[in-house]
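Student: Each residue of the sequence shown is one higher than the one before, counting from 0 in numbering that gives the first Met the number 0.
Just so you know, even glycine gets a beta-carbon here, dropped at the ideal spot from N, CA and C.
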Amino acid sequence: MATTIENIIGNAISDGVIHGAAIVGGDNARVIFRHSQGLAVGGTDIAMTTRTIIDIASVSKAVATATALAICHDRGLIDFDAPFTEYLPEFRAELPAPIRVRDLAMHISGFGHRAGERRQYDAPTGPEIMNNILAFPPLYPPGTHFEYACWNFLLLGRIVERLSGRSLVAFCQDEIFAPLAMHDSSMGQPVSDDPQRLAQTEGCSAPGQISDFIARRVFRDGGCAGNAGVFSSADDLAIFCQCLLNHGCYGKENKALFSTATFAELTTNRMPDGMPKRSFGWVMADQYKPQNSSAKIIYHSGWSGQSIFADIAKKRFVVVLTTRCGDYDRAKQERTDIADEVFALMR
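1) Could you tell me whether the Cβ atoms of Ala361 and Ala233 are closer together than 7 Å?
2) So is Ala39 buried or exposed if we call it buried at 16+ other beta carbons inside 10 Å?
3) By the three-class DSSP mapping on this structure, what secondary structure does Thr335 have?
4) I think Thr321 touches Gly19, with their Cβ atoms under 8 Å apart; what is that distance to the nearest whole Å?
5) Taking Leu76 as the reference, give the member of Phe257, Ala330, Ala11, Trp281 with the closest Cα.
6) Can you name the residues that DSSP bridges to Met186?
7) Hey, Tyr120 and Ile128 are a contact pair by Cβ (cut 8 Å); roughly how many whole angstroms apart?
8) Helix, strand or coil for Arg29, going by three-state DSSP, please let me know.
9) Which residue or residues does DSSP assign as beta-bridge partners of Phe308?
10) Look up Ile22 in the DSSP assignment and say whether it is helix, strand or coil.
11) Please return the same chain residues whose Cβ sits closer than 8 Å to the Cβ of Phe212, not counting the five positions on each side in sequence.
12) Any idea which residues DSSP pairs Lys254 with across the strands?
13) Less than 7 Å between the beta carbons of Ser184 and Ala56, yes or no?
14) According to DSSP, is His72 helix, strand or coil?
15) What does a CB cutoff of less than 6 Å around Asp339 pick up in its chain, not counting 5 residues either side in sequence?
16) Looking at Ile98: is its Cβ nearer than 7 Å to the Cβ of Pro141?
17) Determine which residues share a DSSP beta bridge with Ile17 and list them.
18) I'd like the list of long-range same chain contacts for Gly111, defined as Cβ closer than 6 Å, with 5 residues on each side in sequence excluded.
19) For Asp80 and Ile158, I'd like the C-alpha separation in whole angstroms.
20) Quick one: what does DSSP say Ala114 is sitting in, helix, strand or coil?
21) What residue range is occupied by the uninterrupted alpha helix (DSSP H) comprising Phe279?
22) If you measure between the beta carbons of Val347 and His299, is that distance less than 7 Å?
23) Could you compute how far the alpha carbon of Glu160 sits from the alpha carbon of Gly9?
24) In angstroms with no decimal places, state the Cα-to-Cα distance between Ala260 and Val319.
25) If you draw a straight line from the alpha carbon of Ala104 to that of Arg196, how long is it in whole angstroms?
26) Just verifying my parser: in three-state terms, what is the DSSP assignment at Asp220?
27) Using C-beta distances below 6 Å, list every residue in its chain close to Ile175, excluding the 5 sequence neighbours before and after it, in chain order.
28) Need the endpoints of the alpha helix (DSSP H) that Glu160 sits in, please.
29) Ordered along the chain, which non-local residues of its own chain (more than five positions away) have a Cβ less than 6 Å from that of Phe230?
30) So, at 6 Å on beta carbons, what are the nonlocal neighbours of Ser163 in its own chain, with the 5 sequence-adjacent residues on each side left out?
31) Taking its Cβ as the centre, do 16 or more other Cβ atoms sit within 10 Å of Asp192, making it buried, or is it exposed?
32) Tell me the rounded alpha-carbon separation between His34 and Phe83.
33) Taking the alpha-carbon positions, what's the Asn268 to Cys248 distance?
34) Looking only at C-alpha atoms, which of Arg315, Gly325, Pro95, Tyr327 sits nearest to Arg346?
35) Within the continuous alpha helix (DSSP H) that includes Pro126, where are the two ends?
Structure, rendered in structure tokens:
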């Protein structure tokens, strides 16, 4: 099976789909599988490793913003069933009905943009973007339509800042990365400027940049974006996944990021019937679910080539980080295929 993984990666590199990959798999207490292959930066001799620091794109939504909100929820600062406008009263567009916080987290708020059209909130500068997310109405009534939209998590990131009185960057550093000893992880910019440690992802002109064009502008101009912008490594994300598999607990003293009740929000499908399964900030749908995982798996992927999978029932996780440079759909499916092979190895 390890050979199968090497072949999947090797073929993807040869076909110009990715430059390299770093994979870590394990259970709630140990790393069982670790593998890296290819390059962190195309056209160089910088090898991809499990310590390579890479922009994880939309995986940031789950690792940073959803986790931050879970911590706030556990501290009694937010009700996921309350209208999000209770926490952002400056939102000024007319709403057809109240939109709950969890509607944003599950992408059933109604916010989105029509195919082929520019995002309504898109603008040249970060302050303009963050102002615009407060100015436009949703396309659909809440709970009636699923559309994956970064808009939702831009609003959620702003809510974290309002609740905590801190920037999203500071909150995630103080409440997630530092407690878990995720020393390779940060938001907005990487923790290291060593070129041997940095990956270059799709849409970036240099290593260590944010691939998402909206988040890149927001962070560039001194703001914080909840939809993308986390830098991490496969080894660090393994630590994060182990915390999830231990229901939010970590360390020898068994400290907790949040309670079991809050953990259930991250791992329980709350979507209306007929819509793809999702929990608070995580995907539970079957489409990219590895076959060798249970029904109780949560996962998330990033546009520039990253996926993490945490099988809550089997207490197994797989992190697959790649430097995608080609076909999006093939790259995403092959990350699931790799995870499937690693889950099979760990049975």
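Tutor: Looking at the atomic coordinates:
1) This structure cannot settle anything about residue 361, because the visible part of the chain is limited to 0 through 346.
2) Ala39 should be labelled buried.
3) Taken through DSSP and simplified to helix, strand or coil, Thr335 comes out as helix.
4) Correct: roughly 7 Å between the Cβ atoms.
5) It is Phe257 whose Cα lies nearest to the Cα of Leu76.
6) According to DSSP, which records beta bridges pairwise, Met186 is partnered with Val229.
7) That belief holds up - the Cβ atoms of Tyr120 and Ile128 are roughly 6 Å apart, short of 8 Å.
8) Arg29: coil per DSSP, three-state reduction.
9) Its beta-bridge partners are Tyr298, Val317.
10) Strand at Ile22.
11) Cβ within range, chain order: Gly202.
12) For Lys254, the beta-bridge partners assigned by DSSP are Tyr249.
13) One thing to note: Ser184 has its Cβ no nearer than 7 Å to the Cβ of Ala56.
14) Helix at His72.
15) Pro289, Gln290, Asn291, listed in sequence order.
16) In this structure, Pro141 lies closer than 7 Å to Ile98 by Cβ.
17) Partner(s): Arg323.
18) If we look at Gly111 and ignore the five residues flanking it on each side, its Cβ neighbours are Leu138, Glu146, Ala148.
19) Approximately 14 Å, taken between the alpha carbons.
20) DSSP, read as helix, strand or coil, puts Ala114 in coil.
21) Premise fails: Phe279 is in no alpha helix (DSSP H) and is neither H nor E.
22) Residue 347 is absent from the structure shown; the chain starts at 0 and stops at 346.
23) In a straight line, the C-alpha of Glu160 is about 42 Å away from that of Gly9.
24) For Ala260 and Val319, the gap between their C-alpha atoms comes out near 28 Å.
25) If I take the Cα positions, the gap works out to 32 Å.
26) Residue state, collapsed to three classes: coil.
27) Taken in chain order, the residues that qualify are Thr66.
28) Per DSSP, the unbroken alpha helix (DSSP H) holding Glu160 starts and ends at 149-163.
29) Closer than 6 Å at the Cβ level, and outside the excluded window around Phe230, lie Ile52, Asp54, Ser185, Pro189.
30) Contacts found: Phe170.
31) Asp192 comes out exposed.
32) Each residue's Cα considered, the two are about 42 Å apart.
33) Taking the straight line joining both Cα atoms gives about 21 Å.
34) Closest option to Arg346, Cα to Cα, is Arg315.
35) 125-131 is the span of the alpha helix (DSSP H), which, as asked, contains Pro126.
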